[in-house]
Amino acid sequence: MPSRRKTTMFASAFLTCACSFVTVCVVLASQHWVSSDVRFIGTNSSTTVSLTYGLFSGTCEQFVDAGLQVSESSFQVADNLKSTKAKSMIIAIIVILVLSLLSSLLSSGFTCTNAVSNPYQTFLGPIGVYTWNSLCGILTLLALILFPVNIEANNLSVELARGCFPFLQTHTESAHAYGYSYWLMLLIIFQNVASIFIIYLYDHARYSKKKEQQRPIENAPKDVILF
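When you line the sequence shown up against mature numbering (1 follows the signal peptide of the UniProt record, and there is no 0), it's residues -29 to -1, 1 to 198, in that order.
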């Protein structure tokens, strides 16, 4: 059976890993990644399309000239995208976050296993926890970077606005505000760092204790040597 210290430390790490898993699920499921106001100009009028969307779905509203709302609808992101680059990057972000979800699940399993037992295999110990938490954090960071790149480089919001209202003419400007679903990815990274830090504290304390027990006999007090 593991020591009380080990159980406490790995149970704490399991809690942060489980929170990370839940947070990734929320990020994937919610559609409050970004809100965009996209402005178009036509022959006799100007139109602003307000969008709020995530990786799978969103809503859009159309306003004309003096802010009069004309229509509102919901949409599926994949259906509204005509650009192959924009669609491919959305798919890539989804795959990355699914892999991050699996990494978080494996990390939760490893920390739970160590909290209740002493695995014989080295990789099932702290090394495995370091590996899966690091992978989850790196993948989440990659998704955090790719999403705004897709918006700016591939005009994601403009593409989605045109998918909602095909008659829109010349695009003039866009404004974006990232929502809680997007910023939750920072929390996921923090949770993974916290898990790694907790296990590092345990591993460092165990290593220090082991070195203390292996001190050469010449470092022992003289009376102990004489005895």
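Note that CB positions come from ideal geometry on N, CA and C, so glycine has one too. Small disclaimer: the values here were computed from a predicted structure and weren't measured.
query                                                                                                          : result
Completely contained alpha helix (DSSP H) runs for the segment 76 to 157, where each covers 4 or more residues : 97 to 124 and 127 to 135
Proximity of T143 and R10 at Cβ, strictly below 7 Å                                                            : yes
Opposing strand residues paired with Y24 [DSSP bridges]                                                        : V5 and G29
For S7 and A146, the rounded distance between their alpha carbons                                              : 6 Å
Identified DSSP bridge partners for F46                                                                        : G29
T(-23) in three-state terms, based on DSSP                                                                     : helix
Inter-residue Cα distance where the pair is Q140 and A63                                                       : 30 Å
Same chain, Cβ closer than 7 Å to L155, five either side skipped, listed in chain order                        : T(-7), V(-4) and V(-3)
Own chain residues within Cβ distance below 8 Å of A176, not counting five before or after                     : R(-25)
Any 3 or more C-beta pairs closer than 8 Å across the segment 74 to 81 and the segment -18 to -8               : yes
Top-ranked residue by Cα proximity to L131, from Q2, N163 and Q47                                              : Q47
Pick from N163, F94, Y171 and Y151 that is closest to A(-1), judged by C-alpha positions                       : Y151
Separation of F(-9) from L76, as counted between CA atoms                                                      : 6 Å
Buried/exposed call for N15, threshold 16 Cβ in 10 Å                                                           : exposed
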